[in-house]
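To keep things clear, I will list the structure first and then write my remarks on it.
Numbering (our numbering), first residue to last: 166 to 287.
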């Protein structure tokens, strides 16, 4: 990463936090290393990054079996949702949403932030 990239990523995550129903977000590597995050304080960033990378890896394996590609991985639980999207060849954007979130209505805004992250790593 170039000097200043972390600050740019933090600005993107801060902007993402301003979207209704977003509870937190992280930028991680595909091997599960946390780059930066704006996760709730009770979430262990390193464990979260490892779990999210495993989730994406499993989703990509399923996509390959179906001769397709993964667009996004979504996990829904009683109290919220996790959305993971590729943000370049080496990074993943992971977004935590509350239980009221309508993912389809939020995707356009989240996609714009994902594209910003891709540009930072170019």
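Using N, Cα and C, we set each Cβ at its ideal position, and we do this for glycine too.
Are the CB atoms of residue i and residue j nearer to each other than 9 Å?
i           : j           : result
residue 235 : residue 227 : yes
residue 191 : residue 210 : yes
residue 260 : residue 283 : no
residue 188 : residue 250 : no
residue 264 : residue 287 : no
residue 203 : residue 213 : no
residue 278 : residue 248 : no
residue 186 : residue 266 : yes
If I follow the unbroken beta strand (DSSP E) through residue i, where does it start and stop?
i           : result
residue 263 : 256 to 263
Alpha carbons only, please: which of the options is nearest the one belonging to residue i?
i           : options               : result
residue 177 : 269, 270, 231 and 252 : 252
residue 271 : 182, 172, 171 and 174 : 182
residue 216 : 285, 179 and 238      : 238
residue 200 : 244, 185 and 173      : 173
For the alpha helix (DSSP H) that contains residue i, what are its first and last residues?
i           : result
residue 175 : 170 to 182
residue 277 : 268 to 285
Open item on the list: Ignoring anything shorter than 3 residues, give me the beta strand (DSSP E) runs that lie fully in the region 188 to 246, in order along the chain.
Closed with: 199 to 202 and 238 to 242
TODO: Assess, as a yes-or-no matter, whether the region 183 to 201 is touched by the region 209 to 222 under the definition of 3 or more beta carbon pairs within less than 8 Å.
DONE: yes
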